[in-house]
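Chains as they are written, first to last, in UniProt numbering: chain A, 1 to 475; chain B, 1 to 475.
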Ligand SMILES: [Zn+2]
Ligand SMILES: [Zn+2]
Ligand SMILES: [Zn+2]
Ligand SMILES: [Zn+2]
């Protein structure tokens with residue numbers, strides 16, 4: 001096993017070089033949502049391939065299809081970058097997933113500095129992608145480079161799957177992974193994803209669960225065209241009135257889901273889980289203050305965390321077809337589409353949830369006795385993901401964290417979905433782990449995204465130790 | 001009195017010339033909502049001034065102020081055109097209001113022909129402004145021109161108030177009218193506005209009432225920034241849930257307003273009114289079919305017409321701050337603003353309505369026990385307008401219609417508001433009448449706006465006879 005002190009020193013000495021690497025990555029504005037930047041994604045992938053090849057990796061760009069943009073133009077999808085480092089049959093193989101595209105960003109959105117320059121300030125590195133997900137991808141490269149320069153033998157084979165469309169729905173990725181189930185992915189023993197965040201600002205963690213998502217539309221059609229409320233108000237049954245009533249019946253004032261049959265599908269909470277939740281380092285007042293929310297649904301830490309990860313939640317997102325602008329418009333919308341979704345948890349299955357939701361709304365609708373046309377339908381469903389956090393793979397992650405931070409990680413879940421996690425688990429049938437390196441206040445997807453220099457450097461150390469620990473791992 | 005047969009023949013002979021006049025007007029794209037066309041409004045006003053001067057009118061362009069557009073650019077507002085024709089102290093003075101600006105229009109919106117060319121097809125004149133409101137303004141000019149060419153003495157003085165911003169909220173008009181209350185408007189005995197439509201396609205009418213409008217916002221603030229439902233769903237009280245519930249309590253499934261104290265403010269319906277409504281030529285099946293509505297709130301003609309004109313109605317227009325686009329977005333909005341309005345009728349006063357609405361919602365909110373921040377406030381209020389349709393002024397309008405069409409007009413109201421109507425009534429303290437010449441299917445504000453050639457020509461005749469009838473009118 002490599003001496004950690006020596007490893008840590010080597011990494012610290014290279015801080016400037018590692019920051020330059022991230023600077024280079026951030027300066028390529030690889031925004032996947034904007035057609036103008038499509039070429040920058042290709043550039044970002046080429047540049048990353050070059051970095052990986054410098055480590056001796058064998059790279060392959062897997063062609064993806066075409067994408068039709070909302071305005072009708074057709075763009076080439078960026079390829080998925082497959083890289084292989086090491087091909088020793090006696091070693092196990094780790095698959096690392098990351099993404100090279102970023103969310104849109106502009107100074108005019110309220111950034112304090114140019115989002116596509118890496119700005120160092122107060123121990124933080126500001127820039128779009130600094131934490132999501134270019135920082136973690138560069139940290140993997142830093143870790144491997146350091147081990148190589150220390151002439152340490154990495155005890156595993158490493159594969160990378162790096163995509164350029166994550167922030168736009170990972171278009172094409174699942175198809176490519178499915179096609180490579182029996183080739184590139186066939187020998188994968190572990191998958192590790194560093195594309196999430198610590199629960200707080202100081203305590204590292206490992207994540208073993210993600211909620212799934214069931215998204216629904218309720219359509220109410222009144223007539224052919226939008227009507228002027230002055231001319232027609234009082235003569236038609238208005239769709240907004242029906243829709244508001246239906247949506248008011250989804251949850252109680254306290255957030256309890258009123259849809260029959262939903263809560264019954266949730267796996268019972270075990271005592272062991274409660275103990276695990278109790279141990280988690282989480283300050284509920286900080287959480288509320290960060291949100292600037294007036295009050296949370298509970299003051300109890302375990303209840304709030306379980307509400308985020310362990311129980312389903314229902315959110316009403318908005319209405320398509322109604323007036324949504326500023327000011328006053330006196331329209332009676334011809335057709336409105338209410339949108340809401342449920343975050344689902346084990347043992348909920350999207351199909352069973354769909355049935356409860358549509359049955360419930362159909363029943364409400366028949367009570368309403370409105371002459372309007374009504375439709376309710378799911379638009380997408382993804383299952384929750386749950387990994388065995390007692391798997392030796394997690395122990396390797398935990399050991400790496402203990403080595404670097406001197407503390408056990410918290411075992412947490414994420415409330416949102418990272419669909420590729422489930423894809424890797426299902427295709428490899430092996431353990432998948434989420435190993436975040438950024439802090440909870442990194443502002444991914446928001447203005448002034450950053451990664452702390454300490455998180456970037458300690459993250460590089462954790463990843464390096466983790467790679468070494470995997471050698472002792474009998475999954 | 002002029003011989004109607006002779007007048008009618010004279011007008012018919014000039015059909016080509018009158019259509020050319022309207023063609024010229026339509027070809028000036030005086031769109032008030034679009035900065036690019038601001039200069040066209042000035043051109044349209046200059047051209048109309050020239051037409052009026054050819055009739056011998058004394059014209060004055062009353063300077064209006066500046067307008068800040070949503071993008072921050074500042075535009076000059078077009079002047080209001082005042083014209084005076086005749087100054088005989090022994091005659092009464094009629095004030096005619098009309099507008100020279102139009103709604104936006106483009107081929108790409110779905111027009112079958114260029115909206116800024118007057119296209120004659122199947123007895124219809126298609127073009128933006130053909131019926132709203134260039135057609136009626138040109139019909140006034142046609143009428144006066146014909147009487148002059150027939151060497152008939154017009155028994156009244158005529159004043160015109162023609163504006164260029166009606167389709168953009170009549171910016172500045174009220175101020176200008178108020179300033180001229182004791183000068184230009186001081187001797188006005190009657191005001192006539194031809195800027196609305198028949199109730200159907202064949203029966204002419206006079207309108208004596210307009211509903212007022214009270215518009216409200218309900219604001220619910222949850223936290224500082226929009227939240228991701230995966231990460232935060234289940235921990236905060238969601239604003240959309242509060243808002244949908246509040247808005248579901250505004251009206252019943254059958255459209256009854258649930259806000260306490262509103263229905264009590266409505267003036268009792270008299271037997272005479274019911275008789276007037278019963279006589280109105282209105283086919284409820286045609287109305288429903290034109291809307292392509294699945295069902296109306298009633299199958300009874302009088303009930304439907306009273307719901308449009310004689311009773312208040314409440315419409316929920318939409319929500320600002322929530323997700324309103326196509327597709328699926330998993331946002332928990334930080335702050336949502338629900339928008340709804342009431343159309344109000346005599347004897348409702350905006351202030352009293354505001355109090356009922358805010359009291360009712362405040363009471364609901366205290367029942368809700370939500371920790372979110374709540375606010376309800378009115379954004380605008382306009383009073384209903386009601387004229388005395390037994391006034392001799394209306395008899396002059398009715399006689400003109402009987403002379404041209406051989407039938408009594410229907411006496412109707414409009415459900416929407418034309419705020420300038422109330423301004424004229426309040427400033428002159430004299431009778432105001434709405435005398436439409438276009439048909440209900442003229443598609444003002446929509447694609448393929450038209451006026452039927454018969455409506456344009458018969459309208460010109462009605463206006464000419466009305467001008468003559470006013471001579472016998474002791475208001
Ligand atoms: Zn990411
Ligand atoms: Zn992201
Ligand atoms: Zn108009
Ligand atoms: Zn109009």
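We put the beta carbon where it would ideally sit given N, CA and C, even for glycine. Computed from a predicted structure; not experimentally measured.
Beta-carbon separation (whole angstroms), residue i vs residue j, contact threshold 8 angstroms
i, j, result
"residue 430 of chain B", "residue 442 of chain B", "About 29 angstroms; that fails the 8 angstroms criterion."
"residue 191 of chain B", "residue 460 of chain B", "So it is not a contact: roughly 20 angstroms between Cβ atoms."
"residue 470 of chain A", "residue 92 of chain A", "7 angstroms"
"residue 312 of chain A", "residue 288 of chain A", "That pair is no contact at about 22 angstroms."
"residue 434 of chain B", "residue 207 of chain B", "4 angstroms"
"residue 118 of chain A", "residue 110 of chain A", "With a Cβ gap of about 18 angstroms, residue 118 of chain A and residue 110 of chain A do not count as contacting."
"residue 233 of chain B", "residue 417 of chain A", "Not really, about 11 angstroms apart at Cβ, beyond 8 angstroms."
"residue 214 of chain B", "residue 350 of chain B", "5 angstroms"
CB contact check: residue i to chain A, cutoff 8 angstroms
i, result
"residue 291 of chain B", "yes"
"residue 115 of chain B", "no"
"residue 253 of chain B", "yes"
"residue 411 of chain B", "no"
"residue 353 of chain B", "no"
"residue 423 of chain B", "no"
"residue 211 of chain B", "yes"
"residue 419 of chain B", "no"
"residue 343 of chain B", "yes"
"residue 72 of chain B", "no"
"residue 129 of chain B", "no"
"residue 6 of chain B", "no"
"residue 219 of chain B", "no"
"residue 161 of chain B", "no"
"residue 333 of chain B", "yes"
"residue 282 of chain B", "no"
Own chain residues within Cβ distance below 6 angstroms of residue i, not counting five before or after
i, result
"residue 58 of chain B", "84"
"residue 154 of chain A", "147, 467"
"residue 354 of chain B", "378"
"residue 255 of chain A", "297"
"residue 52 of chain A", "59, 83"
"residue 44 of chain A", "28, 30, 100"
"residue 11 of chain A", "146, 460, 461"
CB contact below 8 angstroms: residue i versus chain C
i, result
"residue 215 of chain A", "Looking for chain C here will not work: the only protein chains present are A and B."
Contact with chain B by residue i, beta-carbon distance below 8 angstroms
i, result
"residue 32 of chain A", "no"
"residue 223 of chain A", "yes"
"residue 238 of chain A", "yes"
"residue 50 of chain A", "no"
"residue 228 of chain A", "yes"
"residue 24 of chain A", "no"
"residue 231 of chain A", "yes"
"residue 203 of chain A", "no"
"residue 311 of chain A", "yes"
Close-in-space but distant-in-sequence residues of the same chain around residue i (CB under 8 angstroms, 5 per side omitted)
i, result
"residue 134 of chain B", "22, 25, 26, 100, 102"
"residue 149 of chain A", "10"
"residue 69 of chain A", "35, 75"
Beta-carbon contacts of residue i that lie in its chain and below 7 angstroms, excluding the five residues immediately before and after
i, result
"residue 242 of chain B", "220, 368, 370, 372"
"residue 258 of chain A", "249, 250, 251, 252"
Check your understanding: Which of the residues in the region 294-309 of chain B, read from start to end, lie with their CB under 7 angstroms from any CB of chain A?
Key -> 294, 295, 296, 297, 304, 307, 308
Practice item. Note down, one range per segment and in chain order, each beta strand (DSSP E) of at least 3 residues found wholly within the region 76-149 of chain B. Key: 80-85, 93-99, 119-121, 124-126
Review point. Can you give, in chain order, each stretch of the beta strand (DSSP E) that sits fully within the region 427-465 of chain B and has at least 3 residues?
Key: 431-434, 450-452
Point to revise | Against chain B: residues of the region 244-275 of chain A by CB proximity under 9 angstroms | key: Cβ contacts with chain B: 244, 245, 246, 247, 248, 249, 250, 251, 252, 253, 254, 255.
**Study point:** Segments of 3+ residues assigned as beta strand (DSSP E) that fall wholly inside the UniProt domain "Peptidase M20 dimerisation" (209-365) of chain B
**Key:** 212-221, 313-320, 335-344
Practice item. Below 7 angstroms between beta carbons is the criterion; list the residues of the region 82-105 of chain B that meet it against any residue of chain A, in chain order. Key: none
Point to revise | Chain-ordered residues of the region 368-402 of chain B with a beta carbon less than 9 angstroms from chain A | key: 368, 369, 370, 371, 372, 373, 379, 380
Review point. At which residue ranges does the region 6-80 of chain B contain complete beta strand (DSSP E) runs of 3 or more residues, listed in the order of the chain?
Key: 58-62, 66-68, 74-76
Point to revise | alpha helix (DSSP H) runs wholly inside the region 146-181 of chain A, at least 4 long, in chain order | key: Counting only runs of 4 or more, we get 173-179.
Check your understanding: Of the residues that make up the region 176-190 of chain B, which ones have a beta carbon closer than 7 angstroms to any beta carbon in chain A?
Key -> Within the region 176-190 of chain B, no residue has a Cβ that lies closer than 7 angstroms to any Cβ of chain A.
Check your understanding: What are the residues of the region 427-457 of chain A that lie near chain B, defined by any Cβ-Cβ distance shorter than 7 angstroms?
Key -> none
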